[in-house]
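K.L.:
Structure provided below as structure tokens; questions to follow.
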Amino acid sequence: MKTLATAFALSFVALAQQPAAEKKPAPPLPGVSTPGVRREMSAIQPQAVFPVAGAPDWEVVTDDAVWVTSSPKNMVHRLDAKTNTVSAGIMVGKRPCSGLTAGFGTVWVPNCADKTVSRIDMKTNQVVATLPFGPADSEGLVAVSADAFWMVSGEAGKLLRIDPKTNLVTSEITVAAGSASCVFADDALWVSSPKMSVVTRVDSRTNKVTDTIPVGPGPRFMTAGGGSVWTLNQGDGTVSRVDQKTRKVAATIEAGLPGAGGEMSFGANHLWITMIQIPITDIDPATNKVVRQWFGPGGDSIRVAFGSLWLTDIRGQNVWRIALKGLQ
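This note's numbering runs 1048 ahead of the 1-based position in the sequence shown.
In structure tokens form, the structure reads like this:
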């Protein structure tokens, strides 16, 4: 029978012979580490701050206004670009979500809770039609072309083409499963699937799928500009740049923006991305690099219009108008 001291000594030797537990690497800090790129939101002085109760989120720009949803309030607010005031609040369907778009004299508002689309007349600020079609995902985008409204519906991947004259679905086009967002550019709909990590191109004249393009992991939010379609890849925080002519990925940009949420917009010849904790990221398409990145409160939706950035502060329940010339 071993003595207690002997047993302790043997146990100590056995423990010493075991391989040391590997230390897990610390998660990377968000954003990029490029010198001279980081900025603080506290240094920004907005031109105007618009109070929007609830959770101001999705935005769309029209000739004289920016429109923004507030999901908890079932409302869309019209922000007047000339007076810097909230000029109207319009009740829509239940829980507006998944993007806004404008065309054919109306703002189109997908609603998640009742699976409808509300159409707001831009002249009267009244809902003039409610369509019985719901978006595929609460986090997505809708689009208009020259003669149709487009929306992804259902988990299986169906792109709906809706006639704005009749408000009826005229085509259902099968795209990648798990698709969520669509944008219109170069006579085509470009549809992202975060599930399959691809972008599907659909010819708007023929309703045919022409290309399926692998991009970064988990692409959801998209925008078009500078001859490209851009995806924000939630899996690794990169941005994929898809050339509209070659229909191939022309660049993969390290942006340091992984995780859920966020949005992107192209304007003033730059790509702009927003995300909670990093409300503004500025990417120069000439270099495919992040040139400025602001950290701090604010963020979740972003647009460029009227010489300004329009940035929602979803947690602070307001929208900031920030002069592009004032950004340093």
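We treat Cβ as the ideally placed atom computed from N, Cα and C, and that holds for glycine.
This structure is a prediction, so every number in the text was calculated from the model and none was measured.
Can you tell me whether L1372 is helix, strand or coil according to DSSP?
P.N.:
helix
K.L.:
What did DSSP end up calling P1120 once you bin it into helix, strand or coil?
P.N.:
helix
K.L.:
T1279 bridges to which residues according to DSSP?
P.N.:
M1270 and S1288
K.L.:
Once you ignore the five residues that flank P1099 on each side, which residues in its own chain have a CB closer than 6 angstroms to its CB?
P.N.:
Excluding positions up to five away in sequence, the list reads N1366.
K.L.:
Taking just the CA atoms, how far does L1372 sit from R1351?
P.N.:
Approximately 11 angstroms, taken between the alpha carbons.
K.L.:
Indicate whether the contact test is met: 3 or more Cβ pairs, each with one atom in the region 1250-1260 and one in the region 1298-1310, closer than 8 angstroms.
P.N.:
No: fewer than three Cβ pairs fall under 8 angstroms.
K.L.:
Quick check on V1176: buried or exposed, where buried means 16 or more other Cβ atoms within 10 Å of its Cβ?
P.N.:
V1176 is classed as exposed because its beta carbon has fewer than 16 other beta carbons within 10 Å across all chains shown.
K.L.:
In this structure, how does DSSP classify A1298 when only helix, strand and coil are distinguished?
P.N.:
strand
K.L.:
Is DSSP giving P1075 helix, strand or coil here?
P.N.:
Confidence at P1075 is low in this model, with a pLDDT of 48, below 50, so the placement of that residue should be treated as unreliable; the coordinate-derived value is given next. DSSP places P1075 in coil when its eight states are reduced to three.
K.L.:
So, with DSSP's three-state summary, where would you put A1069?
P.N.:
Any reading at A1069 needs caution, since the residue's pLDDT is 46, under 50, leaving its predicted position unreliable; the model's value is listed next. Looking at A1069 - three-state DSSP - the assignment turns out to be coil, as it is neither helix nor strand.
K.L.:
Taking the beta strand (DSSP E) that E1088 belongs to, which residues open and close that run?
P.N.:
R1086 to E1088
K.L.:
Expressed to the nearest angstrom, what Euclidean distance is found between the alpha-carbon atoms of A1236 and V1263?
P.N.:
So the two alpha carbons sit approximately 18 angstroms from each other.
K.L.:
Taking C-beta to C-beta, are A1103 and S1118 nearer than 8 angstroms?
P.N.:
yes
K.L.:
Just to confirm before moving on: does the CB-CB distance between V1445 and A1129 stay below 8 angstroms?
P.N.:
Residue 1445 cannot be examined here, being either before or after the span of the chain that is shown, 1049 to 1376.
K.L.:
Just to confirm, are G1205 and A1225 a CB contact at a threshold of 8 angstroms?
P.N.:
yes
K.L.:
Going by DSSP in three states, A1101 sits in which element: helix, strand or coil?
P.N.:
coil
K.L.:
Determine the closest residue to S1227 out of T1248, S1252, E1220 and T1133, with distance taken between C-alpha atoms.
P.N.:
Checking every option, the nearest Cα to that of S1227 belongs to T1248.
K.L.:
Starting from the C-beta of G1137, find all residues in its chain whose C-beta is less than 6 angstroms away, skip the five residues before and the five after it, and write them out in chain order.
P.N.:
Taken in chain order, the residues that qualify are M1123 and H1125.
K.L.:
What does N1159 pair with, by DSSP beta-bridge criteria?
P.N.:
P1144 and T1164
K.L.:
Measure how close the beta-carbons of A1303 and G1285 come, nearest whole angstrom, since I'm counting them as under 8 angstroms.
P.N.:
Contact holds; Cβ gap of about 6 angstroms.
K.L.:
Under three-state DSSP, which class holds A1091?
P.N.:
helix
K.L.:
Relative to the C-alpha of G1084, which residue among D1330, F1354, I1362 and G1374 is closest?
P.N.:
Comparing Cα positions, the closest option is D1330.
K.L.:
Using a Cβ-Cβ cutoff of less than 7 angstroms, which residues in the same chain neighbour E1187 once the five nearest sequence positions on both sides are dropped?
P.N.:
S1146, A1228 and R1268
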